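Numbering (the numbering used here), first residue to last: 1014 to 1219.
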Amino acid sequence: MAHLNRRFFRREPVALAKALLGRTLVRVLDDGTRLAGRIVETEAYLGSEDRAAHSYGGRRTARNESMYLDAGHAYVYFTYGMHWCMNVVAERPGVPTACLLRAIEPLEGLDLMRAHRQRHAETDLCSGPAKLAQALRIDRSLDGVDLVTDSRLFLERGRAIAAQRIAVASRIGVGYAGDWALRPLRFYIAGNPHVSRAAPSGGPRI
DNA sequence: CATCAGATCTGCT
DNA sequence: GCAGATCTGATGG
């Protein structure tokens, strides 16, 4: 199966966040082992104006440098002193917008994911941004890689999710961002058991 | 089920 | 110093 190409990634972050759902995230380890999962949850980060984004106000630091790369590059950052999280850069060079991959549904290499995570339940392997990074062994060594051409980390076509099956909610863990915390910028496949968190309590249950 | 402390790196004050 | 795009195990109802 071929890598998704540059054209796929080169769109504004909300469109990309939705387009990423249903696609296959692939991680190939040094020994050739292939780990893969279907993207089921994403968040869009809108760049300089987005108070929740690492690039808010045009900030450019050693950590977020990858956000300024061309669409289709990986922005992998370290947070809370423990965890790695992976984003897919959107739009074009110099425009620091990206989509956080929040959850995937494990497809290939589950036993190794279980070993990496020290967890057994399938729904606890990749149901969170730091969980999926740990399961797929994604860390600083993959920050800034080009997902269009890299052989260790890339995306495959999978199958797009129809608009009516995409649930929309506010982003997780950005309460500090004022009005931006309430914006509908989290997207997930409705009813999917591998999503990191269900819809806000009171929401419809599938 | 809800809340909470602790793990302890990065960037800003 | 402190808060953060998180997760885990412990504690209480």
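All C-beta atoms, glycine included, are put in the ideal place defined by N, C-alpha and C. Everything numeric in this text was worked out from a predicted model, so none of it was measured.
Can you list, in chain order, the residues of its chain with a C-beta nearer than 7 Å to that of G1071? Leave out the 5 residues immediately preceding and following it.
Within the first sequence, residue 1071 is the residue found at index 58, counting from 1. Result list for G1071: S1061, in chain order.
Output yes or no for whether 8 Å exceeds the beta carbon distance between I1117 and R1051.
Position 104 of the first sequence, counted from the first residue, corresponds to residue 1117. Position 38 of the first sequence, counted from the first residue, corresponds to residue 1051. Yes. Within cutoff.
Kindly indicate which residue of T1162, C1139, V1161 has the alpha-carbon position closest to the one of I1151.
Residue mapping note: residue 1151 aligns to position 138 of the first sequence, counting from 1. Considering only alpha carbons, the answer is C1139.
Using only the alpha-carbon positions, how far apart do G1191 and R1064 sit?
Numbered from its first residue, the first sequence carries residue 1191 at position 178. Numbered from its first residue, the first sequence carries residue 1064 at position 51. Whole-angstrom Cα-Cα distance: 8 Å.
Measure the C-alpha to C-alpha separation of A1084 and A1057 and round it to an integer number of angstroms.
Position 71 of the first sequence, counted from the start, is the residue given in the question as residue 1084. Position 44 of the first sequence, counted from the start, is the residue given in the question as residue 1057. Distance between the alpha carbons of A1084 and A1057: 14 Å.
Find the nearest neighbour of A1075 within the set V1161, R1153, R1130, L1195, judged by alpha-carbon distance.
What you label residue 1075 is simply residue 62 of the first sequence in a count that begins at 1. Cα-wise, what sits closest to A1075 is R1153.
Tell me, please, whether the segment 1124 to 1133 touches the segment 1180 to 1187 by the rule of three or more beta-carbon pairs shorter than 8 Å.
Because the criterion of three Cβ pairs below 8 Å is not met, the segment 1124 to 1133 and the segment 1180 to 1187 do not touch.
Quick check: what's the CA-CA separation for W1097 versus G1157?
Stepping through the first sequence from its first residue, residue 1097 is reached at position 84. Stepping through the first sequence from its first residue, residue 1157 is reached at position 144. If you take the alpha carbons of W1097 and G1157, they lie about 13 Å apart.
Using alpha carbons as the reference points, say which of A1146, V1039, D1124 lies closest to A1134.
One-based indexing of the first sequence puts residue 1134 at position 121. Nearest option by C-alpha distance: D1124.
Terminal residues of the continuous alpha helix (DSSP H) containing L1145?
Here residue 1145 is taken as the residue at index 132 of the first sequence, counted from 1. Segment 1142 to 1148, the alpha helix (DSSP H) holding L1145.
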